[in-house]
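Under the numbering used here, read the sequence shown as residues 998 to 1072, first letter to last.
One structure below.
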Amino acid sequence: MYWNLDLARYIADAPWPVTKDELINYANRTGAPQQVIDNLIDLPDSDDMYETIDEIWPDYPTDEDFLYGDEEPLT
998 MYWNLDLARY IADAPWPVTK DELINYANRT GAPQQVIDNL IDLPDSDDMY
1048 ETIDEIWPDY PTDEDFLYGD EEPLT
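Right, here's the structure in full:
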């Protein structure tokens, strides 16, 4: 299973929390590429709910990862 920002954007706006099957259906309905569908199919079989994309891709970047903030003045 391989994720990157381009692939993750297809499920970032999914109606969380979702099950694996609901997420696959969402990806199909929104026209996600086959690699996204394949990645979701590779998730462990379970009826557990995924609360956020972080549970699918733990390295999903957040705004904090880009170090945006007021700490450094622009010169």
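We treat Cβ as the ideally placed atom computed from N, Cα and C, and that holds for glycine.
Computed from a prediction, not measured in an experiment: that's the story for all the values here.
Between L1020 and D1042, what straight-line distance do the alpha-carbon atoms span, to the nearest angstrom?
As a working mapping, residue 1020 is identified with position 23 in the sequence shown. As a working mapping, residue 1042 is identified with position 45 in the sequence shown. The alpha-carbon atoms of L1020 and D1042 are separated by roughly 13 Å.
Any chain D beta carbon closer than 7 Å to P1030
Among the chains in the structure shown there is no chain D, since it carries only a single protein chain.
Along the alpha helix (DSSP H) that carries D1056, what are the first and last residues, could you check?
For this step, residue 1056 is matched to residue 59 along the sequence shown. Counting along the chain, D1056 falls outside any alpha helix (DSSP H), and DSSP gives it neither H nor E.
Grab the span of the alpha helix (DSSP H) containing I1038 for me, first residue to last.
Taking the first residue of the sequence shown as 1, we reach residue 1038 at position 41. That run of the alpha helix (DSSP H) goes 1031-1038.
I believe V1033 touches I1008 by the beta-carbon criterion, under 8 Å. Please report the beta-carbon distance rounded to the nearest angstrom.
Your numbering for residue 1033 matches position 36 in the sequence shown. Your numbering for residue 1008 matches position 11 in the sequence shown. At roughly 7 Å, the Cβ-Cβ gap stays under 8 Å, so V1033 and I1008 are in contact.
Measuring only the C-alpha atoms, how far is Y999 from L1040?
Numbered from 1 along the sequence shown, position 2 holds the residue referred to as residue 999. Numbered from 1 along the sequence shown, position 43 holds the residue referred to as residue 1040. Each residue's alpha carbon lies about 11 Å from the other.
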